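Notes follow the structure.
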Amino acid sequence: MDTTAEVAAQAVTLLQQGWSQRQVARTLQISQSAVSRIYRRHQETGGFHRRRGSGRSRSTSERDDRFIVSTSLRNRSLTGVQVQRELRETRGVAISSWTVRRRLKAATLTSKIPATGLKLTAAHRAARLRFAREYVDWTEDQWRSVLFSDESRVCLHGSDRRRRVYRRPGERYAQCCIAETVAYGGGSCMVWAGISMDAKTELVFIESGHDVGGLQIGILKKSWETTSSHTLVLLKKTSS
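Residues in the sequence shown are numbered consecutively from 14, following our numbering.
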């Protein structure tokens, strides 16, 4: 397989640090035979570049590589096998799913378990932006008087973590890389708590049928009076 000079340099460095060829191959996601060739070539030439004319030609063109990357970017949850199938059906190029993953990795796209986040509408996003702009100039002392609180229903059934997405570094919370969750699915229990710069409330379990709003305010005021000397400021929740 083709290896860049950067990968070759990493492989040689790890080998010189005492790593086994198997460990290096697993870490860099290349074959053990490729690690062996890289090290042998470095011993012979002192360099990291593949000798001109050696090795087999690439199985994909630059256009094929761009197609692989753009297909993955359009739908981040596609697997390497699915991208492989798209390439074969659209461009008539048959390669292995392993080659697809190598091309994606070369474009800094690697398979990760998606971060989870609430399903937000355009209205939710607009409300959050308004909130941020309204309080952007507050001082630290002003924020010290604010208690952030919320209730949460804890689902007793975990989410499916087997799904994966291809993403670049820094894209963990990009919308296209998040597995959206819907609140209150399955059996659950509700809890409530608050936190500020100097204080926090107790974690309160809320029984079914209770006035959640009234219960929160009562607990909030009692907790604030015993833990903070600042005047309590309540900020209205702008979105779910």
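The C-beta atom is built at its ideal place from N, Cα and C for all residues, glycine as well.
Values in this document were obtained by computation on a predicted structure and should not be read as measured data.
Counting C-beta atoms within 10 angstroms of its own C-beta, residue 97 has 16 or more neighbours from the protein chains shown and is therefore classed as buried. Judged by beta-carbon spacing, residue 38 lies beyond the 8 angstroms limit of residue 16, meaning their Cβ atoms are not closer than that value. For the 8 angstroms CB-CB criterion, residue 161 and residue 209 form a contact. The Cβ atoms of residue 73 and residue 101 lie no closer than 8 angstroms to each other. Taking 8 angstroms as the cut-off, the beta carbon of residue 51 is found closer than this to the beta carbon of residue 25.
It is roughly 50 angstroms from the alpha-carbon of residue 215 to the alpha-carbon of residue 32. Residue environment: residue 205 is assigned as buried (16 or more neighbouring CB atoms within 10 Å of its CB, all protein chains considered).
If only uninterrupted alpha helix (DSSP H) runs of at least 4 residues are considered, those enclosed by the stretch 89-120 are 93-104 and 110-119. Taking 8 angstroms as the cut-off, the Cβ atoms of residue 201 and residue 167 count as close. One thing to note: residue 181 has its Cβ no nearer than 8 angstroms to the Cβ of residue 89. Assigned with DSSP and collapsed to three states, residue 49 falls in helix.
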